[in-house]
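Asks:
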Amino acid sequence: AQSVTQPDIHITVSEGASLELRCNYSYGATPYLFWYVQSPGQGLQLLLKYFSGDTLVQGIKGFEAEFKRSQSSFNLRKPSVHWSDAAEYFCAVGAGSGYALNFGKGTSLLVTP
Amino acid sequence: GAVVSQHPSRVICKSGTSVKIECRSLDFQATTMFWYRQFPKKSLMLMATSNEGSKATYEQGVEKDKFLINHASLTLSTLTVTSAHPEDSSFYICSFRRGAGVADTQYFGPGTRLTVL
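Dropping the structure here:
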């Protein structure tokens, strides 16, 4: 069965510092991988996704993620965090096109001045 | 990006009553949509998958007679929580699927906070 693990429940970074949010998955084949961000009162917004091809994926808001098959990981990174990035971040796995998503438990990001 | 709305954003009801939550895609049509439930500090859990014009497919453990899904059109789906109880209190989120293959993306509504007293 698919599973998604986000090891960090909370992360605090200073504004301007770099960020890495971890995501590990368990799945038999290469899954479809996603990162979403959830802000209060807003729907989940897609940051980026990986289906195939280049393992370094660029997303919106300056985020990127790297798919590492050998580590079953899809970590999200940003070189310089802004205060507006404070939110809940979810990694998700899909079995394929048209399938529902299996979400991790989320990582809450706090950005300090 | 695509826009999905949910109404109401918050609802408080008494135990035993029914609550209807609407989910609309505002700028695209979608055959497939999903309903999720999110507990505090927890992940989103898939409740059901719905294709327009067909009966919804419910996940194991989700009571189809309690959580009625009506996917009436390509832009509208409703979730009715019947005879709600306090344990049904949760955050309900819908999503519409758009595109296929590598373009396949789910667009999520902002969620509905249900509190059952």
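Taken in order, these protein sequences are the chains called G and A.
At position 32 of the first sequence (counting the first as 1) the number is 32 in the numbering used here, and the numbers step up by one without a gap.
At position 11 of the second sequence (counting the first as 1) the number is 1011 in the numbering used here, and the numbers step up by one without a gap.
Ideal placement from N, C-alpha and C gives every residue a C-beta, glycine not left out.
Given this structure, state the Cα-to-Cα distance separating Y50(G) from A100(G), to the nearest angstrom.
Replies: When rounded, the distance between both Cα atoms is 15 Å.
Asks: Using CA coordinates, which residue listed in S18(G), G16(G) and E66(G) is at the minimum distance from F34(G)?
Replies: The shortest Cα separation from F34(G) among S18(G), G16(G) and E66(G) belongs to E66(G).
Asks: Specify, as a first and last residue, the run of the beta strand (DSSP E) that A92(G) falls within.
Replies: That run of the beta strand (DSSP E) goes A87 to G94.
Asks: With DSSP as the reference, identify every bridge partner of K941(A), one or two as the case may be.
Replies: A query on residue 941(A) cannot be resolved here, the shown segment of chain A reaching from 1001 to 1117 and no further.
Asks: Per DSSP, what kind of secondary structure is I1069(A) in: helix, strand or coil?
Replies: Strand at I1069(A).
Asks: Spatial neighbours of E88(G) within its chain, please: C-beta separation below 8 Å, excluding the five flanking residues on both sides.
Replies: Only V37, Q38, S39, G106, T107, S108 and L109 meet the Cβ criterion.
Asks: Nearest-angstrom Cα distance between C1100(A) and E1052(A)?
Replies: The question names Cys, but residue 1100(A) in the sequence shown is Ala. C-alpha separation (whole angstroms): 16 Å.
Asks: On a CA-only basis, which of K61(G), S84(G), V111(G) and T55(G) is nearest T30(G)? Give me that one, please.
Replies: Comparing Cα-Cα distances from T30(G) to each of K61(G), S84(G), V111(G) and T55(G), the minimum goes to T55(G).
Asks: Taking Cβ-Cβ distances shorter than 8 Å, what residues in chain G pair up with P1110(A)?
Replies: What P1110(A) touches in chain G: G41, Q42 and G43.
Asks: When the cut-off is 7 Å and only beta carbons count, does A86(G) lie next to chain A?
Replies: Judged by the 7 Å Cβ criterion, A86(G) is not in contact with chain A.
Asks: Can you tell me whether DSSP reads K105(G) as helix, strand or coil?
Replies: In the structure shown, K105(G) sits in coil (DSSP, three-state: anything other than H, G, I, E or B).
Asks: Using Cβ-Cβ distances below 7 Å, what residues of the segment 1027-1059 of chain A are close to chain G?
Replies: Those would be T1032, F1034, K1042, S1043, L1044, L1046 and T1049, in chain order.
Asks: Based on Cα-Cα distance, which residue from H1071(A), S1073(A) and L1079(A) lies nearest to D1065(A)?
Replies: When each option's Cα is compared against that of D1065(A), the closest is L1079(A).
Asks: Quick one: is H1071(A) buried, meaning 16 or more other Cβ sit within 10 Å of its Cβ, or exposed?
Replies: Answer is buried; the Cβ neighbour count reaches 16.
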